[in-house]
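K.L.:
Okay, handing you the structure first.
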Amino acid sequence: MRVAPDCVFYCYVVADIVGALDIHTSTWKTTADGRGRWTELSGKFRGSIEVIEWRDLIGDARARNAAFIKLAS
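The sequence shown begins at 772 in my numbering and counts up one residue at a time.
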């Protein structure tokens, strides 16, 4: 498969940051909320990889949709 040179890759991983994942991402930057991990791709690759835990993903979704659900009830 050929990838265009201007292709930008964004990968989101939903997983608990424990064990081997914690070790392998320990040098990555933390996300803005301090709960996830993030790294920028380099070299010939452009983009980033972000790891977020399931409970944070669900919690953030509930917070974002709380106003809509309240108004819809």
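We put the beta carbon where it would ideally sit given N, CA and C, even for glycine.
Taking the DSSP output, what are the residues bridged to K800?
P.N.:
Its beta-bridge partners are W809.
K.L.:
Near G807, what residues of its chain come up, given a Cβ to Cβ distance below 8 Å and the 5 sequence neighbours on each side ignored?
P.N.:
The answer, listed in chain order, is I788, T801, E821, V822, I823, E824, D827.
K.L.:
Kindly give me the distance between the Cβ atoms of V779 and R817, rounded to whole angstroms, as I take these residues to be in contact under 8 Å.
P.N.:
Going by Cβ atoms, the distance from V779 to R817 rounds to 5 Å, so yes, they are a contact pair.
K.L.:
The ligand HEM heavy atoms versus the CB of S819: any closer than 7 Å?
P.N.:
Ligands displayed in this structure: none; no statement on the ligand HEM is therefore possible.
K.L.:
Looking at the unbroken alpha helix (DSSP H) that takes in G850, where does it start and where does it end?
P.N.:
What is shown of the chain runs 772 to 844, which leaves residue 850 out entirely.
K.L.:
So is T796 buried or exposed if we call it buried at 16+ other beta carbons inside 10 Å?
P.N.:
T796 is buried by the Cβ-count criterion.
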